[in-house]
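Residue numbers (my numbering): 36 to 165.
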């Protein structure tokens, strides 16, 4: 196992762009299918879905942060000394952590939009001890 002295920003950027493209394509295809084949589906607050665009901003901020960390590591020490000073850097672990948080944010936005399925409103009266 070789110890890394910098994050692989090029690989991380490529993977992020691919994963973002797949996620957006899947989401758009799912939305299109629901709109076309399930007329009873709707969102209670469709304006909240604009929050999904914040995910793209998060990706850019993450890549800028990786670049900033690499620059700080280069200023900290020589590459030969970094291998003994640091225990090694994992771009994969950092990327997985970011992707987990990024997609959790997307699912939270979808939940806040209030997806609803059905066509009738049913009024329920509560009974019991007040």
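In this text, a Cβ means the ideal position worked out from N, Cα and C, and glycines have one as well.
Give the DSSP bridge partners of residue i, in chain order.
i, result
"residue 151", "77"
Where do the ends of the alpha helix (DSSP H) carrying residue i lie?
i, result
"residue 86", "Taken as a continuous stretch (DSSP letters only), residue 86 belongs to no alpha helix (DSSP H), as it is neither H nor E."
"residue 45", "44–72"
Excluding five sequence neighbours on each side, which residues of the same chain lie with their C-beta closer than 6 angstroms to the C-beta of residue i?
i, result
"residue 144", "86, 87"
"residue 77", "151"
"residue 140", "none"
"residue 79", "149, 151"
Which residue from the options puts its Cα closest to that of residue i?
i, options, result
"residue 81", "129, 148, 115", "148"
"residue 124", "137, 108, 139", "108"
"residue 56", "91, 79, 68", "91"
"residue 24", "73, 138, 66", "Lying outside 36 to 165, the shown extent of the chain, residue 24 is not represented and no answer is given."
"residue 97", "126, 72, 69", "126"
Tell me which residues share the same chain as residue i and place their Cβ nearer than 7 angstroms to its Cβ, disregarding the 5 neighbours each side in the sequence.
i, result
"residue 112", "120"
"residue 75", "152, 153, 154"
"residue 134", "54"
"residue 50", "130"
Open item on the list: Is it the case that the stretch 39–58 contacts the stretch 70–85, given that we only count it when at least three CB pairs across the two stretches are under 8 angstroms?
Closed with: no
Open item on the list: Using 8 angstroms as the cut-off, can you tell me whether the stretch 149–159 makes contact with the stretch 98–116, which would need three or more C-beta pairs spanning the two stretches below that distance?
Closed with: no
Open item on the list: With a threshold of 8 angstroms, are at least 3 pairs of Cβ atoms found where one atom belongs to the stretch 129–143 and the other to the stretch 46–65?
Closed with: yes
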